[in-house]
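Read the structure below first, then the notes.
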C-alpha cells in the first residue's frame, strides 16, 4: 500500500512528552515560522510544563491520546526507559497515515516499529544545544518512511540547528560525538577560563573570553570551509605564543583524550542499546 503523503500546508504536529527537549524543538519551529503554534500540541498535567508551552501558543491537552488524535506527525520525546510503554499504550491510535518520530536515545527503529505496529517511523537524535537553536541532529528513516517524510523532518529539526541523514548503525558513534560532545566542550570552556584566571584574569572576563573563543572558532570551521588543521596553522606563527600552547596540549595527549572520550561514550551507547 502506498503511503499517504503528509499535507504540508495543513498538517498538525504533536509531542508525546513535554520536557525541555520537546519545548526547545517546538519553540524553534514556532520562532522560525515553519509552523504556526496553533498547529502544534502536547499533553502534560504539571502546570509549570503546561505554561511553558502555552507561553508561545502551543495547545496543551490533558491526555496523550488527544495529542495523537489531533496530529498527523507525532514526535515521541520521552525518556528511553519509558518509550516502549508509551508507544504500546498509544498503539491503537497510531495509524499508518501518521508519521511517527522518536528522539529517545538508544531505542532502535526495529523496536519502535514493532511496538507501534507501523514502519512509518523516523529516528532522530538532536543534542542539547537545540535549546539555543544550534543543535547537531541526525536522522534515520524507517522502512515505510518516504523521502518526503524525511524532508519534512529535516525542515522541522533544521529550525533548531543543522541536521544530517545517516544509517542507523552509526547512531552509537553519533551519540559519542554529538550527543555527549557538548559536555566535553563545556569542560574545555571551563578549563580555558580556569587557565585565564591562573594567568591573572578576573573570573567573569576569563569565562566570557573562553566561551566566545570556542563559539568563534566553531563558526570559523562551519563557515570558512577550511580544515580545522589549516585554521590552527593560520593562528600558530613560528616561535609564537600559540604554538607554545599547542606544544603543551600535544605533550599531554589532548587529541587522544578527546578521541578516547568519543569512543568510550559510543561503546556505552552500544551497551545501552543492547
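Residue numbers (our numbering): 32 to 305. The C-beta atom is built at its ideal place from N, Cα and C for all residues, glycine as well.
(1) Reducing DSSP to helix, strand and coil, say where residue 154 ends up.
(2) Out of curiosity, what's the CA-to-CA distance linking residue 78 and residue 66?
(3) Alpha carbon to alpha carbon, how far is residue 292 from residue 280? Give it in angstroms, no decimals.
(4) For residue 290, count neighbouring C-beta atoms within 10 Å of its own C-beta (all shown protein chains included) and say buried if the count is 16 or more, exposed if not.
(5) Using C-beta distances below 7 Å, list every residue in its chain close to residue 114, excluding the 5 sequence neighbours before and after it, in chain order.
(6) Between the C-alpha atoms of residue 61 and residue 184, what's the straight-line distance to the nearest angstrom?
(7) Among the candidates 47, 179, 96, whose CA atom is the shortest distance from the CA of residue 80?
(8) Please go through the same chain and pick out, in chain order, the residues whose beta-carbon is closer than 6 Å to the beta-carbon of residue 174, but skip the five residues on each side of it.
(9) Check residue 107 in the structure and name its three-state DSSP category.
(10) With distances taken Cα to Cα, identify the nearest neighbour of residue 93 among 164, 76, 84.
(11) Quick one: residues in its chain with C-beta nearer than 8 Å to the C-beta of residue 267, no 5 flanking neighbours on either side, listed in chain order?
(12) For residue 198, count neighbouring Cβ atoms within 10 angstroms of its own Cβ and tell me buried if that reaches 16, exposed if not.
(13) Given this structure, state the Cα-to-Cα distance separating residue 157 from residue 164, to the nearest angstrom.
(14) Roughly how many angstroms lie between the CA atoms of residue 85 and residue 109, to the nearest whole one?
(15) Assign residue 205 to one of three DSSP states: helix, strand, or coil.
(16) Which residue marks the beginning of the beta strand (DSSP E) containing residue 90, and which one marks its end?
(17) By DSSP, does residue 73 sit in helix, in strand, or in coil?
(18) Excluding the five sequence neighbours on either side, which residues of its own chain have a C-beta within less than 6 Å of the C-beta of residue 120, listed in chain order?
(19) Measure the CB-CB distance between residue 237 and residue 245 and report whether it falls below 9 Å.
(20) Shortest alpha-carbon distance to residue 51 belongs to which of 159, 70, 172, 34?
(21) Using the three-state DSSP reduction, which class does residue 82 fall into: helix, strand or coil?
(22) How far does the beta strand (DSSP E) with residue 46 in it extend, from its first residue to its last?
(23) Could you check where the beta strand (DSSP E) with residue 194 kicks off and where it finishes?
(24) By alpha-carbon positions, which one of 100, 187, 111 ends up nearest to residue 124?
(25) Going by beta-carbon coordinates alone, are residue 72 and residue 90 separated by less than 9 Å?
(26) Around the C-beta of residue 249, are 16 or more other C-beta atoms found within 10 angstroms, so that it is buried, or is it exposed?
(27) Would you mind working out which of 57, 296, 178 sits nearest residue 153, comparing C-alpha positions?
Reading it off the structure:
(1) Counting from 1 along the chain shown, the entry for residue 154 is found at position 123. DSSP places residue 154 in strand when its eight states are reduced to three.
(2) For this step, residue 78 is matched to residue 47 along the chain shown. For this step, residue 66 is matched to residue 35 along the chain shown. Spanning the two alpha carbons is a distance of roughly 24 Å.
(3) Locating residue 280 in the chain shown gives position 249, where the first residue counts as 1. Locating residue 292 in the chain shown gives position 261, where the first residue counts as 1. When only Cα atoms are considered, residue 280 and residue 292 end up about 16 Å apart.
(4) Position 259 of the chain shown, counted from the start, is the residue given in the question as residue 290. It counts as exposed.
(5) Translated into positions along the chain shown, residue 114 becomes position 83. Cβ neighbours of residue 114 beyond the five flanking positions: 107, 133, 135, 138.
(6) Start at 1 with the first residue of the chain shown, and residue 61 comes out as number 30. Start at 1 with the first residue of the chain shown, and residue 184 comes out as number 153. Their Cα atoms are separated by approximately 14 Å.
(7) As a working note, residue 80 is residue 49 in the chain shown. Of 47, 179, 96, the residue nearest in Cα terms is 47.
(8) Counting from one through the chain shown, the residue named residue 174 turns up at place 143. 150, listed in sequence order.
(9) Translated into positions along the chain shown, residue 107 becomes position 76. Strand, per DSSP.
(10) Against the chain shown, residue 93 aligns to sequence position 62. Nearest option by C-alpha distance: 76.
(11) Start at 1 with the first residue of the chain shown, and residue 267 comes out as number 236. Correct list, in chain order: 273, 274, 277.
(12) What you label residue 198 is simply residue 167 of the chain shown in a count that begins at 1. Result: exposed.
(13) The count along the chain shown starts at 1 and reaches residue 157 at position 126. The count along the chain shown starts at 1 and reaches residue 164 at position 133. Taking the straight line joining both Cα atoms gives about 11 Å.
(14) Indexing the chain shown from 1 puts residue 85 at position 54. Indexing the chain shown from 1 puts residue 109 at position 78. So the alpha carbons of these two residues sit roughly 19 Å apart.
(15) Your numbering for residue 205 matches position 174 in the chain shown. Helix at residue 205.
(16) Along the chain shown, read from residue 1 onward, the residue named residue 90 stands at position 59. Here the beta strand (DSSP E) through residue 90 covers 90-92.
(17) By one-based count along the chain shown, residue 73 stands at place 42. Strand at residue 73.
(18) Position 89 of the chain shown, counted from the first residue, corresponds to residue 120. Here the set comprises nothing.
(19) Position 206 of the chain shown, counted from the first residue, corresponds to residue 237. Position 214 of the chain shown, counted from the first residue, corresponds to residue 245. No, Cβ-Cβ distance for residue 237 and residue 245 is not below 9 Å.
(20) Counting from one through the chain shown, the residue named residue 51 turns up at place 20. Minimum Cα distance to residue 51 is reached at 159.
(21) Within the chain shown, numbered from 1, the residue matching residue 82 stands at position 51. In the structure shown, the three-state DSSP call for residue 82 is helix.
(22) As a working note, residue 46 is residue 15 in the chain shown. Run containing residue 46: 44-47, per the beta strand (DSSP E) assignment.
(23) Mapped onto the chain shown, residue 194 falls at position 163. Per DSSP, residue 194 belongs to the beta strand (DSSP E) from 192-196.
(24) Counting from one through the chain shown, the residue named residue 124 turns up at place 93. Checked all of 100, 187, 111; the closest Cα to residue 124 is 100.
(25) Residue mapping note: residue 72 aligns to position 41 of the chain shown, counting from 1. Residue mapping note: residue 90 aligns to position 59 of the chain shown, counting from 1. For residue 72 and residue 90, yes; Cβs fall inside 9 Å.
(26) Numbered from 1 along the chain shown, position 218 holds the residue referred to as residue 249. With fewer than 16 other Cβ atoms within 10 Å, it is exposed.
(27) Position 122 of the chain shown holds residue 153. The candidate whose alpha carbon is nearest that of residue 153 is 178.
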